[in-house]
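Participant: Supplied in structure tokens, the structure appears directly below.
2 protein chains.
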Amino acid sequence: MADANQKSELKLPRRTPIDSIYERIRKKILDSELAPGSQILEQELAVMLGVSRTPVREAVIRLQNEGLLEIVPRHGVRIVPIAVSDMREIYDVLISLEPRAAELLAARGASPKELRKLEASCERMADTLARGEMEKWALADEEFHLDIVQLSNNRRLVDIVLNCWDQVHRARYFTLRLRQHPRPSKSIEEHYEIIEAIRRGDASAARRLYRRHRERGLREQIDVMTAFRIHQI
Amino acid sequence: MADANQKSELKLPRRTPIDSIYERIRKKILDSELAPGSQILEQELAVMLGVSRTPVREAVIRLQNEGLLEIVPRHGVRIVPIAVSDMREIYDVLISLEPRAAELLAARGASPKELRKLEASCERMADTLARGEMEKWALADEEFHLDIVQLSNNRRLVDIVLNCWDQVHRARYFTLRLRQHPRPSKSIEEHYEIIEAIRRGDASAARRLYRRHRERGLREQIDVMTAFRIHQI
DNA sequence: GATCCGATCTATGTATACATTAAATTATTT
DNA sequence: AAATAATTTAATGTATACATAGATCGGATC
Chain A
1 MADANQKSEL KLPRRTPIDS IYERIRKKIL DSELAPGSQI LEQELAVMLG VSRTPVREAV
61 IRLQNEGLLE IVPRHGVRIV PIAVSDMREI YDVLISLEPR AAELLAARGA SPKELRKLEA
121 SCERMADTLA RGEMEKWALA DEEFHLDIVQ LSNNRRLVDI VLNCWDQVHR ARYFTLRLRQ
181 HPRPSKSIEE HYEIIEAIRR GDASAARRLY RRHRERGLRE QIDVMTAFRI HQI
Chain B
1 MADANQKSEL KLPRRTPIDS IYERIRKKIL DSELAPGSQI LEQELAVMLG VSRTPVREAV
61 IRLQNEGLLE IVPRHGVRIV PIAVSDMREI YDVLISLEPR AAELLAARGA SPKELRKLEA
121 SCERMADTLA RGEMEKWALA DEEFHLDIVQ LSNNRRLVDI VLNCWDQVHR ARYFTLRLRQ
181 HPRPSKSIEE HYEIIEAIRR GDASAARRLY RRHRERGLRE QIDVMTAFRI HQI
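Protein chains in written order, with this note's numbering: chain A, 1 to 233; chain B, 1 to 233.
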């Protein structure tokens, strides 16, 4: 048995430097450090990160596949800006997939432990909301949704949803910063309704409620963007 | 208006050699020329395609992102085989997204021309079925589904669906070859029902009918695989 | 003065070389 | 003989060099 050997036991996903290059560029995009709509040469990115063009190129290809940037033949890479129409496209996908995750979870039956974890996120939302800590509120909200998606036990579904979240990340961050969430307590209520449907094993209710929740989210997001005349972000 | 980017419409798809490398490897995988589960070194791929490792590497990164292969650190790339559990995962995504496309199409209202195109595919299915030309039948079927997805006018949704189709391509091809489609005429009936719902503008019916159609397809696919003890393909 | 053609410049796409590191194999020790 | 350590092998990950093609700029011609 090889399980006595500590070194070869852990088959980690392998931390290659190129993954870190990918992560660093991704972070710069999510944080708007690389501005949406702006262009930057591969060479400039390479210098910025202190590596050669090759690993930058490979990271950039991945990021293009994920829709975060676009390789423009003679002008380097372009950070793709998200317009209202893009928000609609992305939320269309989320409105289909996330409720499906809730449906699957309800259908297979959530364990008490899993349900408690979901409730814990909601409680944390209520706490942070009471204290006006909107950043922490948003984190708890994200955790709730992440848990539900991951509990679907469908890796492909998870990956697609996470990628969509990345694409709308700047818009969500902006909305959060700009002002209080329109009705934060309403969100928490809806979360509890979803948890209840999952607890009952009512798959189609879980799906319907989750979908309504996300549709409301999209509307609010678009309302904020149009109200502030943000056509792209 | 700030969103004036009409100039970028003139961008050609840019025929770079690397795209052709990508296409050639992708085709080899879809056609099982590179067998599922097999491994091959980057160098061997490069020699096989008559180029250096660099463009192969870039193509391979894209293919990994699309889930067609996996880069295994010291053993080249591995063509990812699709198991029954993978079929479930992928169809979960399709069962969410394709009905959503039908729903969107019904909601926005299909033009007479668009409806005729959909009907034409169904007629072609009936014709080819009557002649026992199952390959052509499958092509017409694919066209029907492709049209509906594309008519959703949601590029991201289209991309994800096409990628899922790629991933289950070998299984679909196998099922088709192995024997007659379980009930090909049933498929056509269901297609007409979907078209009718779209014509009525009944979005939720279009979604429901489409979903049922795909759920049946998944069941049949899995039945065939388990009946023939195909655990991976 | 404007347009068209050509020359130059530059970013990319590709090839190649090299260093790193994981795997495999051999040698050594208990 | 088994296990571990050391050495070798080899595939990758990265850097660099170079050829190509597209864009810009200037000059020449109408």
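Each residue gets a CB set at the ideal place from its N, CA and C atoms; glycine is no exception.
Bear in mind that the values here come from a model prediction, so they are computed numbers and not experimental data.
Of the choices B/Gln150, B/Glu33, B/Ile61, whose alpha-carbon is the least far from that of methionine 48 of chain B?
Facilitator: B/Glu33
Participant: Quick check on alanine 236 of chain A: does DSSP put it in helix, strand or coil?
Facilitator: Shown here, chain A extends from 1 to 233; a query on residue 236 of chain A therefore has no answer.
Participant: How about aspartate 19 of chain B: is its C-beta nearer than 9 Å to some C-beta of chain A?
Facilitator: no
Participant: Under 8 Å, with one C-beta from each stretch per pair, do the region 199 to 217 of chain B and the region 99 to 118 of chain B reach the 3-pair mark?
Facilitator: Because the criterion of three Cβ pairs below 8 Å is met, the region 199 to 217 of chain B and the region 99 to 118 of chain B touch.
Participant: What number of angstroms, rounded off, separates the C-alpha of arginine 177 of chain A from the C-alpha of tryptophan 137 of chain A?
Facilitator: 12 Å
Participant: How would you list, in chain order, the residues of chain B whose beta-carbon sits under 7 Å from the beta-carbon of serine 204 of chain A?
Facilitator: The premise fails here: serine 204 of chain A is roughly 11 Å from chain B at the closest Cβ pair, so nothing lies under 7 Å.
Participant: Do alanine 239 of chain A and tyrosine 210 of chain A have their C-beta atoms closer together than 9 Å?
Facilitator: The displayed coordinates of chain A run from 1 to 233. Any statement about residue 239 of chain A would go beyond what the structure contains.
Participant: Where does proline 55 of chain A land, buried or exposed, given buried means 16+ other C-beta within 10 angstroms?
Facilitator: buried
Participant: Against glutamate 58 of chain B, what residues of chain A qualify as contacts under a CB-to-CB distance less than 9 Å, listed in chain order?
Facilitator: Arg57, Glu58, Ile61
Participant: What residues from the region 155 to 166 of chain B come within 7 Å of chain A, judged by C-beta to C-beta, listed N to C?
Facilitator: Against chain A - using a Cβ distance shorter than 7 Å - the residues of the region 155 to 166 of chain B are Arg155, Arg156, Leu157, Ile160.
Participant: Are the C-beta atoms of arginine 100 of chain B and some chain A residue less than 9 Å apart?
Facilitator: yes
Participant: Tell me, please, whether the region 27 to 44 of chain A touches the region 163 to 176 of chain A by the rule of three or more beta-carbon pairs shorter than 8 Å.
Facilitator: Contact holds: three or more Cβ-Cβ distances are below 8 Å.
Participant: Between the Cα of leucine 68 of chain A and the Cα atoms of A/Ala46, A/Asn163, A/Arg214, A/Lys186, which residue gives the shortest distance?
Facilitator: If we check each option's Cα against that of leucine 68 of chain A, A/Asn163 comes out closest.
Participant: For leucine 45 of chain B, which three-state DSSP category applies?
Facilitator: When secondary structure is reduced to three states using DSSP, leucine 45 of chain B falls in the helix class.
Participant: What residues in the region 111 to 126 of chain A bring their beta carbon closer than 7 Å to a beta carbon of chain B?
Facilitator: none
Participant: So what does DSSP say about arginine 78 of chain B, is it helix, strand or coil?
Facilitator: Arginine 78 of chain B carries a strand assignment under DSSP once its states are collapsed to helix, strand and coil.
Participant: Please decide whether leucine 209 of chain B counts as near chain A, where near means a Cβ-Cβ distance under 9 Å.
Facilitator: No, no contact with chain A.
Participant: Going by DSSP, what residue range makes up the beta strand (DSSP E) through valine 72 of chain B?
Facilitator: That run of the beta strand (DSSP E) goes 69 to 72.
Participant: Figure out for me which residue from A/Glu98, A/Leu139, A/Glu89 has the closest Cα to the Cα of isoleucine 194 of chain A.
Facilitator: A/Glu98
Participant: Going along the chain, which residues of its own chain have a beta-carbon closer than 6 Å to the beta-carbon of glutamine 232 of chain A, five neighbours each way excluded?
Facilitator: Pro81, Ala83
Participant: I'd like to check one pair, glutamate 58 of chain A with isoleucine 90 of chain A: are the Cβ atoms closer than 9 Å?
Facilitator: For isoleucine 90 of chain A and glutamate 58 of chain A, no; Cβs fall outside 9 Å.
Participant: Can you tell me whether arginine 62 of chain B is buried or exposed, with buried defined as 16 or more other CB within 10 angstroms of its CB?
Facilitator: buried
Participant: Could you give the C-beta distance for leucine 129 of chain A and serine 185 of chain A, rounded to a whole number, given that I count them as a contact under 8 Å?
Facilitator: About 7 Å; that satisfies the 8 Å criterion.
Participant: Assuming isoleucine 160 of chain A contacts valine 93 of chain A under a Cβ cut-off of 8 Å, what Cβ separation, rounded to an integer in Å, is found between them?
Facilitator: 7 Å
Participant: If the cut is a Cβ gap below 7 Å, which residues of chain B does valine 224 of chain A touch?
Facilitator: What valine 224 of chain A touches in chain B: nothing, since even the nearest Cβ is about 17 Å away.
Participant: With 9 Å set as the bound, which would you pick, yes or no: does the beta-carbon of aspartate 92 of chain A sit closer than that to a beta-carbon of chain B?
Facilitator: yes
Participant: Counting only Cβ pairs nearer than 8 Å, list the residues of chain A close to glutamate 236 of chain B.
Facilitator: Absent from the model: residue 236 of chain B. The displayed extent of chain B is 1 to 233, so no value can be given.
Participant: For isoleucine 198 of chain B, which option in B/Ser152, B/Asp223, B/Val168 has the closest C-alpha, if you only look at C-alpha atoms?
Facilitator: B/Ser152
Participant: Identify the contact partners of glutamate 89 of chain A in chain B, using a Cβ-Cβ distance below 9 Å as the criterion.
Facilitator: Asn153, Asn154, Arg155, Arg156, Leu157
Participant: Does the beta-carbon of valine 149 of chain A have 16 or more other beta-carbons within 10 angstroms, so that it is buried, or is it exposed?
Facilitator: buried
Participant: Does the beta carbon of isoleucine 95 of chain A sit closer than 9 Å to a beta carbon anywhere in chain B?
Facilitator: yes
Participant: What does the alpha-carbon distance come out to for the pair alanine 35 of chain A and aspartate 19 of chain B?
Facilitator: 28 Å
Participant: Strictly by DSSP, which residues pair up with glutamine 232 of chain A?
Facilitator: Paired residues: A/Ala83.
Participant: Check whether the Cβ atoms of aspartate 147 of chain A and methionine 125 of chain A lie closer than 9 Å to each other.
Facilitator: no
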